[in-house]
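Note that the numbering used here has the sequence shown beginning at 1307, numbered continuously upward.
All residues carry an ideal CB built from backbone N, CA and C; glycine is no exception.
Just so we're clear, the structure is a prediction, and the values are computed from it rather than from any experiment.
The structure appears right after this line, and notes come after that.
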Amino acid sequence: MIKDKVYISGHSSGALLAAYVSANRPDHIIATVLEDGPFFSTLPGRAEKTIAWLGFKNMYDYLNQSEIDTFMQFSLENDYMQEVFDAQHPQAWNQLVKAPALRYLDKHPGEIPKIWYYPPKLGINALYALNANMQDGSGNYDLRFGVTFYDFSWFAGFDQEETLKSIKSPTVVMHVAPNEVTAPGYYDGNDVLLAAMDEIDAQRVVDLIPNGKYIGDFKSAHDIHADLPDEYIQVLLDLRDQVEQ
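This is how it looks when you write it as structure tokens:
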């Protein structure tokens, strides 16, 4: 157990948790980093038009059916990203994502597809990797955790606005730039949020935190720390320097 005061950092839903810990244990926190957290976009009435919630709905639907054996296969049939790909070309999802994955799974059942000739920038292997899960035996992610975001039970007793207002430490809010599909905004042609939060959400988060600072426009996918590790580390070092001055 760490008994000294700490810097706390959280990514995605981990940013929600980091905010909660920072707000409720201020005496233990030196500074806080909230990396691309889904603040406010996760609330009922709003969440239903986000890529994240639609993914959680897939988890719920998969666990409540028996026709398809693995979540990987279920996602190939039902992932909202099919809409995004096919908006560019009507057969893009089938040709680029689904068909290669099914061929891979025929040879490697139970594994997460990895197409060796797809460059990382294309993002398709990363899309496959998002489906790794405990139920399929392909990863550690428990689909039942996702279901708690689908039915909003994860947020029982958790007031996001009051939590952010209660953070006492210097806090950095990190936010990705719009992607190529949605730029200059964060929504696709169906008004679905293809990000953790939009620019209004991010500004609201910063405004609520008494000592909050916004750092945005990261040219990365959701995982800034993985896609842009040098930039992420620099944010941490700058925060440390700010605190120690």
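Original post:
Under 7 angstroms from any heavy atom of the ligand MG, does the C-beta of Y1326 make it?
Top reply: Because no ligand of any kind appears in the structure shown, any question about the ligand MG cannot be addressed here.
Original post:
Would F1451 pass as a contact of T1348 if the rule is Cβ separation under 8 angstroms?
Top reply: No; because the gap between Cβ atoms is not below 8 angstroms, this pair is not in contact.
Subject >> Which listed residue (P1415, G1416 and Y1434) has its alpha carbon closest to that of W1422 >> reply: For W1422, the closest alpha carbon among the candidates P1415, G1416 and Y1434 is that of Y1434.
**OP:** Please list, in chain order, all residues of the same chain as N1446 whose beta carbon is under 7 angstroms from its beta carbon, the five residues on each side excluded.
**Re:** If we look at N1446 and ignore the five residues flanking it on each side, its Cβ neighbours are M1440.
Original post:
What span of residues does the beta strand (DSSP E) with L1340 cover, start to end?
Top reply: Judged by DSSP secondary structure, L1340 falls within the beta strand (DSSP E) whose first and last residues are I1335 to E1341.
Subject >> Nearest neighbour of A1483, chosen from D1504, V1498 and E1550 [CA to CA] >> reply: The residue among D1504, V1498 and E1550 with its C-alpha nearest the C-alpha of A1483 is D1504.
**OP:** Would you tell me roughly how many angstroms separate the C-alpha atoms of S1319 and R1510, rounded to the nearest one?
**Re:** Taking the straight line joining both Cα atoms gives about 17 angstroms.
Original post:
Secondary structure at G1463, three-state DSSP: helix, strand or coil?
Top reply: Coil at G1463, not helix or strand.
Original post:
Within 10 angstroms of its Cβ, does S1372 collect 16 or more other Cβ (buried), or is it exposed?
Top reply: S1372 counts as exposed, since fewer than 16 other C-beta atoms from the protein chains shown sit within 10 angstroms of its C-beta.
Original post:
Taking Cβ to Cβ, would you say T1469 is nearer than 8 angstroms to K1519?
Top reply: Result no, Cβ atoms of T1469 and K1519 do not sit closer than 8 angstroms.
**OP:** Starting from the Cα of I1515, find the closest Cα among A1393, Q1394, P1425 and Y1326 and give me that residue.
**Re:** Closest by alpha carbon: Y1326.
Subject >> Through-space distance from E1383 to V1312, alpha-carbon basis >> reply: One alpha carbon belongs to V1312, the other to E1383, and they sit about 44 angstroms apart.
Original post:
Nearest to Q1379 by alpha carbon, out of F1346, A1438 and D1457?
Top reply: For Q1379, the nearest C-alpha among the options comes from A1438.
**OP:** Could you spell out where the beta strand (DSSP E) holding T1376 opens and where it closes?
**Re:** In this chain, T1376 is not harboured by any beta strand (DSSP E), its DSSP state being neither H nor E.
**OP:** Spell out a yes or no on whether the stretch 1356-1376 and the stretch 1332-1343 are touching, meaning 3 or more CB-CB pairs, one atom from each, closer than 8 angstroms.
**Re:** Between the stretch 1356-1376 and the stretch 1332-1343 there are fewer than three inter-stretch CB-CB distances shorter than 8 angstroms, so the stretches are not counted as touching.
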